[in-house]
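All remarks here apply to the structure that follows.
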Amino acid sequence: MKQFSSIVIRIFIIAFSVYSYADTEVMPAPDFTLKSNSGSNIRLAEQRGNVVMLNFWASWCAPCRQEMPHLNALSQQYSALGFNLMGINVDEDPQAANRAINNLKVAFPVLFDSDSRIAELFSVDAMPTTIIIDKDGNIRHWHRGYQAGYEDSYAEQVAQLIRE
Amino acid sequence: MKKIITLLFILQLLALSACSVKPWVKPYHRAKLANEVMQYDRDPISDGYIHHVRQARESARGAEGAGGGGCGCN
Amino acid sequence: MVATKNISFIYRYFSLTLLLSASNLLYAVVLPEERADAMYHRYDGGGMVIDGPSILVRKNIAEKYSIAANYYIDSVSSASIDVLTSGASEYTEERIESSLDFTYLEDKSLINIGYTTSQENDYEASSFRIDFSQDFFGDMSTLSMGFSQGNDDITQTDNENFSEKLERRHYRIGLAQILTRHLIANINYESIIDEGYLQNPYRFILVNTGTAYNVEAERYPNTRNSDAVSLKLSYHLPWSAAIKSRLGYFTDSWGIKSQSIELDYSQQLNKRWLVDLRIRQYQQGEADFYANAFDIDSALQTFVGRDKELSEYSSFSVGLGASYEWTFNHRIEKARVNFQVDYMLFDYDNFHEVTSETTASFGIGNEPLYSFNAYALRLFFSIWY
Chain A
1 MKQFSSIVIR
11 IFIIAFSVYS
21 YADTEVMPAP
31 DFTLKSNSGS
41 NIRLAEQRGN
51 VVMLNFWASW
61 CAPCRQEMPH
71 LNALSQQYSA
81 LGFNLMGINV
91 DEDPQAANRA
101 INNLKVAFPV
111 LFDSDSRIAE
121 LFSVDAMPTT
131 IIIDKDGNIR
141 HWHRGYQAGY
151 EDSYAEQVAQ
161 LIRE
Chain B
1001 MKKIITLLFI
1011 LQLLALSACS
1021 VKPWVKPYHR
1031 AKLANEVMQY
1041 DRDPISDGYI
1051 HHVRQARESA
1061 RGAEGAGGGG
1071 CGCN
Chain C
2001 MVATKNISFI
2011 YRYFSLTLLL
2021 SASNLLYAVV
2031 LPEERADAMY
2041 HRYDGGGMVI
2051 DGPSILVRKN
2061 IAEKYSIAAN
2071 YYIDSVSSAS
2081 IDVLTSGASE
2091 YTEERIESSL
2101 DFTYLEDKSL
2111 INIGYTTSQE
2121 NDYEASSFRI
2131 DFSQDFFGDM
2141 STLSMGFSQG
2151 NDDITQTDNE
2161 NFSEKLERRH
2171 YRIGLAQILT
2181 RHLIANINYE
2191 SIIDEGYLQN
2201 PYRFILVNTG
2211 TAYNVEAERY
2221 PNTRNSDAVS
2231 LKLSYHLPWS
2241 AAIKSRLGYF
2251 TDSWGIKSQS
2261 IELDYSQQLN
2271 KRWLVDLRIR
2281 QYQQGEADFY
2291 ANAFDIDSAL
2301 QTFVGRDKEL
2311 SEYSSFSVGL
2321 GASYEWTFNH
2331 RIEKARVNFQ
2341 VDYMLFDYDN
2351 FHEVTSETTA
2361 SFGIGNEPLY
2371 SFNAYALRLF
2381 FSIWY
C-alpha cells in the first residue's frame, strides 16, 4: 500500500508540474516605463482604462515587418474607441530602429527597449510577440510569431475587450 | 515493484529537467544571426552558379546547402 | 577523328544545385524574400569559355506561398585538354536550363517542391525535388530533409543508334543550430545513388603499347553510390562582418575520397557597400578504375576510365566580390549591383597533358602532368519588391 501510494503521488507531481506550466490564470502585466519615438516617456500603468496591445518587434525580423501594415490598420480602426497600440522595438541600434519606423510608416507609438530589459521582463520567447492587455491591466491574450490571418484574431480580441 | 518506482522517479526527474533546458539565445537577441553577412547563400542565383562550376569539375557532390538558424522569428 | 564533347558531361549532375541552394531553406522557416535577379556568368580556363545569362524571379503570395522561376543558358566554346587529346577541333554548343519551385509555409514548417529541366543537343536532364524544414527548440534548431530524383536521356550527335538513360536519387538531411548570439553551426549529409549510363560516349582511354597510344572506349560501372557530409560555422564578428567556414568530406563506391575546406569573410562596409573575400582548397583521390594511360594488361580490367574528374588532384581558389546598394521608398524597396569573381588553380597528380606535341617532345608515357587556371565571374543586378 505504501509503495502504491508513493507511485500515485509521483504521478500526481508529474501531472501537476506539467499542468502548472500552462498558464491558465489571468496575470497582471508587469509595469514599466520606456522612452517613445515622440520623445516622451510612456508608462504602462498609466494606460489603465484603455485596452493596450504591446507588439515586440525588431528591424531585422521579417515576420515583424510583414505584420506592421496590419497593426497600422488595427491602430487606426480602434484607437478612437479606447485602444492603445504600442510597439516595443528591441533593436540594439536606435538608428536601425528609426530607419525601420520610417520605412514601415509605423502609425502608432514605438517604445525603445534597446537593452531588451522589458522583453526579458515579459519573458518574450518569440519574435514578434503580441500581447493584449485589458482595461484593468491584465494580460488576456498572447500571440507568438506572426502568420497570415493573425490580424483577424487581434481585431476580434481587441473589439471584445473594448466592449467589456 | 522497486524497479517500477525507480523508473517513475527517473521519468519524473527527466520530465522536470526537460522543461528547464530552455533555448538559451532569446529571440530578441538574434539580430546578429539575422544579418545577411552570416548567410552562405545570400544571392541564390550567384551561389547556385558557383556550386555548379565546382560540381562540373570535382567528383564531390552533395551536402551543399540547407541553412537555417536565421532570425528565429515565428 | 571522333569529335570530343566532354563539356556537356561535366554539367550533368548539377541541375539540382542551382535552386537547391536557393534561399528556401536558409532563413529558418521564413518565406524567402521576393526578389528578381539578372546575371551574366562567365567561366574561362583550361581551354574552355562558357558564358551566358541567368534570370531568377521570386514572388510571394499571402505570406504563405512562394514561387520562383529560373532560366539559365550555358554557351560553350571548348578546346579543352580532352578535345586536344583527341585531336578534334574546338566545338561550340549551348545548354538551356529552366526551373520552377513552389514553397509553402505553415507555422514552423516549410515545404519546397521543384522541377528542373535542361537540354543540349545530346543530353536531356530533368529532376524533381522535395525539401522539408522544421524549426524547433525555440527556433534555435532547424531540421531539414530532402529527396530528389533525376532522369537523364543521353544521345550522341553523330550516332543515331546511341541512346542511354541515367537515374539519379538524392537523399539529404541537415541540422542548423544556433549556438550563441554570434555563432550558427550547420551539419549536412547527402547520399546520392546513380544508376545507368555514367560515362561519356565521346571519351576514351589511352592504352600505352610501348611505342604508341591505342584508344579504346571507356567502361564505367553502371552504379555509383556516394556519401557527402559537410560542417559549416558562421561567426558574427564585433563589427558588421562575419567569418564563415565550411568543411566537406566525400566518399563514393568508385573509391574516390575528397576533402574541402573553405573560408569566407563578408563585411558590410557602410549602408551601400558589401564586400566578400573567400579562399578554398579542394583535394581528391582517384577512382579505382582510373588511369591516365593503361598498359595492354591493365586495359583488360572490368572498368576503365580516363576522365580527369576521376583523377587525383587538388584545386585552390580565391575569390572576391562587392555589391553596391540603392534603397527606395516605393514598390521596389532596394536594388543592388553585384560583382563576384573566383580564380582557381587546378593541379593534377596523375592526369597528364597528352597531345601529339607533348608525346613527340617528351616521349610516350613522359608527358607532363596537367594543370590549368581558370576564373569564374558573375555580374548581376538584383531588385527587391
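Residue numbers (my numbering), protein chains in the order written: chain A, 1 to 164; chain B, 1001 to 1074; chain C, 2001 to 2385. Even for Gly, the Cβ is constructed at its ideal location relative to N, Cα and C.
Next item on the list: Assign C/SER2054 to one of three DSSP states: helix, strand, or coil.
Entry: strand
Next item on the list: Quick one: measure Cβ to Cβ for C/ILE2173 and C/SER2133, integer angstroms, because I've assumed they're closer than 8 Å.
Entry: Their Cβ separation, rounded to whole angstroms, is 11 Å, which puts C/ILE2173 and C/SER2133 out of contact at 8 Å.
Item checked: C/GLY2146 (DSSP reduced to helix, strand or coil) -> Of the three classes helix, strand and coil, the one that applies to C/GLY2146 here is strand, per DSSP.
Notebook entry, point to check: According to the neighbour-count rule (16 or more other Cβ atoms, all chains shown, within 10 Å of its Cβ), is C/GLY2255 buried or exposed?
Noted result: exposed
Next item on the list: Could you check what DSSP says for C/ILE2332 in three-state terms: helix, strand or coil?
Entry: coil
Notebook entry, point to check: Can the beta-carbon of C/ASN2112 be found less than 8 Å from the beta-carbon of C/ASP2122?
Noted result: no
Checklist line | Interface flag, A/ALA100 vs chain B, CB-CB below 8 Å | finding: Under the 8 Å criterion on CB atoms, A/ALA100 is classed as non-interfacial with respect to chain B.
Next item on the list: With DSSP collapsed to three states, give me the class of C/TYR2027.
Entry: Below a pLDDT of 50, predicted positions are generally treated as unreliable, and C/TYR2027, at 40, falls in that range; the measurement from the model is reported next regardless. DSSP places C/TYR2027 in coil when its eight states are reduced to three.
Margin query: Would C/ILE2050 and C/SER2075 be called neighbours here (beta carbons separated by less than 8 Å)?
Written below: yes
Next item on the list: Using three-state DSSP, classify A/HIS143 as helix, strand or coil.
Entry: strand
Next item on the list: Using 10 angstroms around the beta-carbon of C/PHE2328, count the other beta-carbons present and answer buried if the total reaches 16, otherwise exposed.
Entry: Burial call: exposed.
Item checked: CB of C/ASN2060 within 8 Å of CB of C/GLU2034, strictly -> yes
Notebook entry, point to check: Looking at C/TYR2072 and C/THR2103, is the spacing between their C-beta atoms short of 8 Å?
Noted result: no
Check: What residue ranges within the stretch 2152-2185 of chain C form continuous beta strand (DSSP E) runs of no fewer than 3 residues, ordered along the chain?
Finding: 2159-2178
Note to self: Run through chain A and tell me which residues come within less than 7 Å of C/ASP2107, C-beta to C-beta.
What the structure shows: GLN147
Checklist line | Span separating the alpha-carbon of A/ASP152 from that of C/TYR2043 | finding: 52 Å
Margin query: Among the candidates A/ASN89, A/TRP57, A/PRO28, whose CA atom is the shortest distance from the CA of A/ALA45?
Written below: A/PRO28
Note to self: Which residues does DSSP list as the beta-bridge partners of C/VAL2076?
What the structure shows: By DSSP's assignment, C/VAL2076 forms a beta bridge with C/ILE2050, C/GLU2093.
Notebook entry, point to check: In chain A, which residues lie less than 7 Å from C/GLU2063 when you measure between Cβ atoms?
Noted result: GLN66, ALA148
Check: Mind checking A/GLN76: buried by the 16 CB within 10 Å criterion, or exposed?
Finding: It is exposed - the Cβ of A/GLN76 has fewer than 16 other Cβ atoms within 10 Å.
Notebook entry, point to check: Does the distance from the CB of C/PHE2195 to the CB of C/THR2223 come in under 8 Å?
Noted result: Position check: residue 2195 of chain C holds Glu in this sequence, whereas Phe was assumed. Yes.
Check: By the criterion of Cβ-Cβ separation under 7 Å, what are the contact partners of A/ALA29 in chain C?
Finding: Taking a Cβ-Cβ threshold of 7 Å, none of the residues of chain C is close to A/ALA29; the smallest such distance is about 22 Å.
Next item on the list: Along the alpha helix (DSSP H) that carries A/SER177, what are the first and last residues, could you check?
Entry: Only positions 1 to 164 of chain A appear in this structure, which leaves residue 177 of chain A out of reach.
Notebook entry, point to check: Would A/ALA97 count as contacting chain B if we go by Cβ distances under 8 Å?
Noted result: no
Notebook entry, point to check: CB-CB under 6 Å to C/THR2358, same chain, minus the five flanking residues each way: which ones, in chain order?
Noted result: Cβ neighbours of C/THR2358 within its own chain (closer than 6 Å, five residues either side excluded): GLU2367.
Check: Expressed to the nearest angstrom, what Euclidean distance is found between the alpha-carbon atoms of C/ASP2276 and B/HIS1052?
Finding: 19 Å
Item checked: Nearest residue (CA-CA) to C/ASN2159, options C/PRO2201, C/PHE2136, C/ALA2185, C/GLN2119 -> C/PRO2201
Next item on the list: Could you tell me whether the Cβ of A/TRP60 comes closer than 8 Å to any Cβ of chain B?
Entry: yes
Notebook entry, point to check: What are the residues of the stretch 2255-2271 of chain C that lie near chain B, defined by any Cβ-Cβ distance shorter than 8 Å?
Noted result: Taking 8 Å as the upper bound on Cβ-Cβ separation, chain B lies near residues ILE2256, SER2258, SER2260, ASP2264, SER2266, GLN2267, GLN2268 of the stretch 2255-2271 of chain C.
Check: What three-state label does DSSP hand C/GLY2114 in the structure shown?
Finding: strand
Check: Would B/LYS1003 count as contacting chain C if we go by Cβ distances under 8 Å?
Finding: no
Check: If you check the beta carbons only, do A/PRO109 and A/GLU67 fall under 8 Å apart?
Finding: no
Check: Taking the Cβ atom as the reference point for each residue, do C/ASP2349 and C/TYR2313 lie within a distance shorter than 8 Å?
Finding: yes
Next item on the list: Note down the Cα distance separating C/LEU2379 from C/GLN2340, rounded to an integer number of angstroms.
Entry: C/LEU2379 and C/GLN2340: Cα-Cα distance of roughly 7 Å.
Next item on the list: Could you pull the start and end residues of the alpha helix (DSSP H) that C/GLN2268 belongs to?
Entry: No alpha helix (DSSP H) holds C/GLN2268; the beta strand (DSSP E) holding it covers 2257-2268.
Next item on the list: Determine, using beta carbons only, whether A/ASP115 comes closer than 8 Å to chain B.
Entry: no
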